[in-house]
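Student: Positions 315 to 620 (my numbering) are the ones given, in order, by the sequence shown. By construction, the Cβ of each residue, glycine as well, lies at the ideal position given by its N, Cα and C atoms. All of these numbers come straight from a predicted model, not from anything done at the bench.
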Amino acid sequence: MAKSGNKMKRKFENTPCLICGSSQRLPFLIVPNRFEPGEKFTLVQCRKCGFVYLNPRPDSQLIGKYYEDEQYQPHRLHEQSLLDRMYKFVRIWNNRYKRYLIEANIRKGVLLDFGCGGGEFAAQMSRAGWQVSGVEPAPGPRQHAVEQGLSVKANIDEVTQKFDVITLWHVLEHIHQARELIGKLQERLTDSGILLLALPNLKSSDARAYQSNWVAYDAPRHLYHFSPVDVKRLCAQYNFQIKEYYTLFLDTWYNILLSRQLETMQGGNFLTGAVKTKWTAWRATIKETIDCFDSSSIVYLLQPKS
Ligand SMILES: [Zn+2]
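1) Taking a contact to mean a Cβ-Cβ separation below 8 Å, would you say Asn515 touches Pro618 in this structure?
2) Let me know the secondary structure DSSP gives Arg348 once reduced to three states.
3) Count Cβ pairs between the stretch 429-440 and the stretch 405-415 that sit closer than 8 Å; are there 3 or more?
4) I need the straight-line Cα distance from Tyr524 to Gln475, nearest angstrom please.
5) Just verifying my parser: in three-state terms, what is the DSSP assignment at Arg597?
6) So for Trp483, helix, strand or coil by DSSP?
7) Roughly how many angstroms separate the alpha carbons of Lys498 and Ile470, rounded to a whole number?
8) Using 7 Å as the cut-off, classify the Cβ of Cys334 as near or not near the heavy atoms of ligand 1, replying yes or no.
9) Tell me whether the stretch 539-553 and the stretch 373-382 touch, counting them as touching only if at least three CB pairs, one residue from each stretch, are closer than 8 Å.
10) Can we count Cys331 as close to ligand 1, meaning its CB is less than 7 Å from some heavy atom?
11) What is the DSSP secondary structure of Leu357, reduced to helix, strand or coil?
12) Could you pull out every residue in the same chain whose Cβ sits closer than 7 Å to the Cβ of Val485, ignoring the five residues on either side in sequence?
13) Once DSSP output is grouped into helix, strand and coil, what is the label at Gly497?
14) According to the neighbour-count rule (16 or more other Cβ atoms, all chains shown, within 10 Å of its Cβ), is Val589 buried or exposed?
15) If you reduce the DSSP assignment to three classes, tell me which class His536 lands in.
16) Quick check on the burial criterion: 16 or more other C-beta atoms within 10 angstroms. Buried or exposed for Pro534?
17) Should Lys362 be counted as a contact of ligand 1 given a C-beta to heavy atom distance under 7 Å?
18) Would the stretch 606-618 count as touching the stretch 505-522 if we require 3 or more Cβ pairs under 8 Å?
19) When the Cα atoms are used, what is the spatial distance from Ala468 to Arg456?
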């Protein structure tokens, strides 16, 4: 019989660099938890390869409590604040654009949306004639997706078939066992299949403008902060090649708005902040149409090397 004191211990852990495995690191930036701005976390930079990540980080048990904040939009399914409505608007248009990106490469087939949340994107693809499955570990959103008639598992190990398309929309940066996951996804991709990874861009102009208040640092939920060079290095280790880079341009506006909100909460000046927001947003949008490496989020389209 289990004793009451036999709970699994929740703690912070040190972790080596995801890209090169080195444990040598330098301080990079102190960032707030945007829902508890008094709570600070440390981002470090790998001394060997330059990759930026959260260290120490909550372990896979402790991290659960950081998703419980009621303001966490991806898990708010029925709320109606102004930000919720904006989030929904961005999500609807992004989902249409994501479908367009996929169908420009593969017309129809079998798709896995890993980290599918409430299943909005998966449902859209299903309606468009795709054979769709999802994986979502969070019980609330998973239940919501299942209620829409989708086949959604809690864990990748429960998925055994192969897919033409696997998507991770802003997911990999949340995963403790990210290397293990990439290996498992690779096993489930057909030889001519594509893997789409959407990730915040550490080298974006809004990351530079807002520094510790850049919302996509999202500590401690985001464990890694990729630049295109990091993704390229990681892909090479899994025999993937990056075929295309795309932007999710609405993410830029949304991230700027939330970064500005966080900056004001941290004592930033409202007036200069408003001017900076406009300038940053316009500059980012103009620059990213010319150079997607400058945008807030990048979608990487990967294919197995032949
Ligand atoms: Zn490294």
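Tutor: On the basis of the coordinates in this document:
1) As a working mapping, residue 515 is identified with position 201 in the sequence shown. As a working mapping, residue 618 is identified with position 304 in the sequence shown. Cβ distance not < 8 Å, so Asn515 and Pro618 don't count as in contact.
2) Sequence index remark: in the sequence shown, residue 348 carries index 34 (1-based). Correct three-state label for Arg348: coil.
3) yes
4) In the sequence shown, counting from the first residue as 1, residue 524 sits at position 210. In the sequence shown, counting from the first residue as 1, residue 475 sits at position 161. Approximately 43 Å between the Cα atoms of the pair.
5) As a first step, residue 597 is located in the sequence shown; it is residue number 283 there, counting from the start. Looking at Arg597 - three-state DSSP - the assignment turns out to be helix.
6) Locating residue 483 in the sequence shown gives position 169, counting from the first residue. Assignment of Trp483 by DSSP, reduced to helix, strand and coil, places it in the strand class.
7) One-based indexing of the sequence shown puts residue 498 at position 184. One-based indexing of the sequence shown puts residue 470 at position 156. C-alpha separation (whole angstroms): 8 Å.
8) The count along the sequence shown starts at 1 and reaches residue 334 at position 20. Yes, ligand 1 has a heavy atom inside 7 Å of this Cβ.
9) Because the criterion of three Cβ pairs below 8 Å is not met, the stretch 539-553 and the stretch 373-382 do not touch.
10) Sequence index remark: in the sequence shown, residue 331 carries index 17 (1-based). Yes, ligand 1 has a heavy atom inside 7 Å of this Cβ.
11) Here residue 357 corresponds to residue number 43 of the sequence shown, with the count starting at 1. If DSSP states are grouped into helix, strand and coil, Leu357 belongs with the strands.
12) Position 171 of the sequence shown, counting from 1, holds the residue named residue 485. Excluding positions up to five away in sequence, the list reads Phe428, Gly429.
13) What you label residue 497 is simply residue 183 of the sequence shown in a count that begins at 1. If DSSP states are grouped into helix, strand and coil, Gly497 belongs with the helices.
14) Position 275 of the sequence shown, counting from 1, holds the residue named residue 589. So Val589 counts as exposed.
15) Position 222 of the sequence shown, counted from the start, is the residue given in the question as residue 536. Judged by DSSP in its simplified three-state form, His536 adopts coil rather than helix or strand.
16) Reading the sequence shown from its first residue, position 220 is the one you call residue 534. Label assigned to Pro534: buried.
17) Residue 362 sits at position 48 when you count from the first residue of the sequence shown. Yes.
18) Short answer: they touch.
19) By one-based count along the sequence shown, residue 468 stands at place 154. By one-based count along the sequence shown, residue 456 stands at place 142. So the two alpha carbons sit approximately 7 Å from each other.
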